[in-house]
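Comments concern the structure below.
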Amino acid sequence: MKNPYAFAMDIQRQAWEGAAEMAEKVQVAPDRAETLNDVEVGQTPSEVVYEENKLQLLHYESQTESQHDVPILVVYALINRPYILDLQPDRSVVKTLLEAGFDVYMIDWDEPSALDRSITLDDYVSRYIDNCVDVVRERSDLDAINILGYCMGGTMTSMYAALFPEKVRNLGLMAAGLCFAGDGGVLELWGADEYYEPERVTDTFGNVPAEFLDVGFALMDPVANNVTKYVRFYENMDDEEFVENFARMERWLAEGIDVAGATYDQFIGDIYQDNKLMENELYLGDKHVDIENIEMPVLQIVATYDHLIPPEASKPFNDAIPSDDTEILEFATGHIGMSVSSRSHDELWPQVCEWFEERSQLEEASDGDAGASSGATDDDSAGEDGSAGAASVGDDLTELTGIGEAYAEDLAHAGIESFDELAEADVADLAAETGIAPSRLEDWIDQAQDR
1 MKNPYAFAMD
11 IQRQAWEGAA
21 EMAEKVQVAP
31 DRAETLNDVE
41 VGQTPSEVVY
51 EENKLQLLHY
61 ESQTESQHDV
71 PILVVYALIN
81 RPYILDLQPD
91 RSVVKTLLEA
101 GFDVYMIDWD
111 EPSALDRSIT
121 LDDYVSRYID
131 NCVDVVRERS
141 DLDAINILGY
151 CMGGTMTSMY
161 AALFPEKVRN
171 LGLMAAGLCF
181 AGDGGVLELW
191 GADEYYEPER
201 VTDTFGNVPA
211 EFLDVGFALM
221 DPVANNVTKY
231 VRFYENMDDE
241 EFVENFARME
251 RWLAEGIDVA
261 GATYDQFIGD
271 IYQDNKLMEN
281 ELYLGDKHVD
291 IENIEMPVLQ
301 IVATYDHLIP
311 PEASKPFNDA
321 IPSDDTEILE
331 FATGHIGMSV
341 SSRSHDELWP
351 QVCEWFEERS
361 QLEEASDGDA
371 GASSGATDDD
381 SAGEDGSAGA
391 ASVGDDLTEL
401 TGIGEAYAED
411 LAHAGIESFD
421 ELAEADVADL
431 AAETGIAPSR
441 LEDWIDQAQD
451 R
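At position 16 of the sequence shown (counting the first as 1) the number is 16 in UniProt numbering, and the numbers step up by one without a gap.
Spelled out as structure tokens, the structure:
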């Protein structure tokens with residue numbers, strides 16, 4: 001048995017050490033409080049190039065002398081501020097993409113007002129995202145661009161790719177909620193129709209308050225969110241870098257935004273409760289969100305320890321779409337860690353950049369032939385003597401809805417250069433020769449026959 005005197009001395013020594021530690025922390029407390037109040041976020045330089053309702057489309061300043069041929073549009077969720085993807089200079093997804101040579105755009109949705117309560121998923125996908133995509137396409141002089149969607153933004157961009165596949169060259173889905181057939185985690189369980197009626201919330205509040213959502217997210221891991229992180233903050237209060245990182249994250253968590261009521265109702269009902277996206281039964285307005293149209297390359301980025309969108313709520317989607325170029329990058333981190341942890345930026349994001357880079361090089365025109373790549377520009381389709389390329393011979397097929405310069409060139413290479421030739425074409429043969437979806441060809445042929 002330990003000597004009582006020695007035991008008492010140990011207790012006294014621990015008390016002295018604890019008092020000394022507390023005294024040190026009290027001394028740095030004013031400086032740390034200033035850090036908490038004044039920390040900066042979203043510091044990568046950008047300009048607003050498009051505005052509609054509350055949203056702003058940001059274009060980031062290039063970090064390299066030259067850029068890859070195809071830009072990336074980043075689409076974040078409707079629930080929080082998008083600067084989580086640009087939280088701090090050395091842990092910024094935006095900056096990582098820029099330094100890898102990409103031309104980067106991002107949508108900042110901002111917060112809906114009471115007048116925006118009736119904004120639907122169709123508005124966000126078919127109007128807002130589509131208008132932003134068109135701005136990027138026009139500024140880049142391309143038919144199709146890269147899109148990277150995060151969380152709810154990934155769910156919406158998968159809908160967009162199904163509705164407007166001709167405008168999406170490569171699709172990246174980051175922690176995207178896509179599949180809810182029983183393996184979608186706690187949120188799927190809580191949101192099940194036998195337990196939860198989203199309309200009761202929106203009937204009460206109109207738009208769903210950020211505070212309401214925050215409570216739900218915090219309760220998914222109450223000890224970590226309400227106790228552990230503050231204990232860690234106290235233990236590391238003398239580490240200025242730790243405090244800065246903590247302050248940035250706390251600011252982001254505190255600056256949540258409301259969600260438009262009609263969109264919330266539809267998202268919970270159609271996506272979580274009825275799994276309509278995965279089952280290919282989703283409609284936005286009168287438009288079928290047909291995931292059979294997702295034939296472009298698709299990259300899924302998932303986090304092993306994501307408690308909001310577990311991997312099982314994302315990965316099966318790749319097997320449900322017809323794309324023959326799909327990949328999954330699973331990384332041992334959490335929902336937020338995949339965008340802000342230093343290890344993610346060291347190990348995960350170089351792989352993401354490489355995936356996009358390999359698929360973002362446009363084929364160069366040679367020997368006077370028109371460029372065959374998706375996104376070839378007017379200059380690419382000109383012959384060496386300055387004359388127009390094959391797509392401009394005969395009728396202008398781009399007058400038909402859905403046919404851009406790139407598709408016109410693909411059709412020209414298949415011998416289709418006029419409305420009459422298109423009207424008489426065999427769908428199966430033309431699809432096999434061009435790689436264009438039969439449903440899209442049928443629509444173009446119908447338009448050509450009506451001329």
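Don't be surprised by glycine CBs; every beta carbon is placed ideally from N, CA and C. Fair warning: this is a prediction, and the values are worked out from it, not measured in the lab.
Counted within 10 angstroms of its Cβ, other Cβ atoms place residue i as buried (16 or more) or exposed
i           : result
residue 444 : buried
residue 207 : buried
residue 438 : exposed
residue 69  : buried
residue 131 : exposed
residue 248 : buried
residue 116 : buried
residue 322 : exposed
residue 264 : buried
residue 273 : buried
residue 401 : exposed
residue 305 : exposed
residue 46  : buried
residue 204 : exposed
residue 150 : buried
residue 88  : buried
residue 344 : buried
residue 285 : exposed
residue 405 : buried
residue 325 : exposed
residue 169 : buried
residue 104 : buried
residue 300 : buried
residue 201 : buried
Residue i - DSSP class collapsed to helix/strand/coil
i           : result
residue 331 : strand
residue 315 : coil
residue 287 : strand
residue 174 : strand
residue 154 : helix
residue 413 : helix
residue 301 : strand
residue 259 : strand
residue 326 : strand
residue 41  : coil
residue 339 : helix
residue 46  : strand
residue 346 : helix
residue 442 : helix
residue 447 : helix
residue 196 : coil
residue 249 : helix
residue 162 : helix
residue 140 : helix
residue 398 : helix
Identified DSSP bridge partners for residue i
i           : result
residue 95  : Residue 95 pairs with nothing; no bridge assigned.
residue 149 : 75 and 173
residue 106 : 58 and 74
residue 51  : 56
residue 427 : In DSSP, residue 427 forms no bridge with anything.
residue 168 : 145
residue 86  : 92
residue 208 : 259
Given residue i as reference, the closest of the options once Cα atoms are compared
i           : options               : result
residue 348 : 428, 96, 60 and 109   : 96
residue 64  : 102, 401, 58 and 56   : 102
residue 156 : 442, 399 and 271      : 271
residue 164 : 447, 440 and 405      : 440
residue 355 : 100, 412, 310 and 105 : 100
residue 54  : 44, 67, 78 and 72     : 78
residue 268 : 114, 152, 397 and 57  : 152
residue 397 : 329, 176, 147 and 451 : 451
residue 129 : 422, 142 and 107      : 107
residue 302 : 311, 121 and 200      : 311
residue 178 : 275, 110, 140 and 246 : 275
residue 319 : 308, 358, 337 and 291 : 291
residue 328 : 336, 352, 334 and 56  : 352
residue 411 : 426, 424, 430 and 420 : 430
Expected contact under 8 Å - CB spacing of residue i and residue j to nearest Å
i           : j           : result
residue 93  : residue 251 : The pair is not a contact, with the Cβ atoms about 17 Å apart (cut-off 8 Å).
residue 293 : residue 162 : 5 Å
residue 433 : residue 414 : 5 Å
residue 125 : residue 50  : Going by Cβ atoms, the distance from residue 125 to residue 50 rounds to 17 Å, so no, they are not a contact pair.
residue 298 : residue 171 : 5 Å
residue 173 : residue 314 : 7 Å
residue 62  : residue 85  : Actually they do not touch by this definition, with Cβ atoms about 17 Å apart.
C-beta neighbour in chain D for residue i, strict 8 Å
i           : result
residue 117 : Of the protein chains in the structure, only one exists, and it is not chain D.
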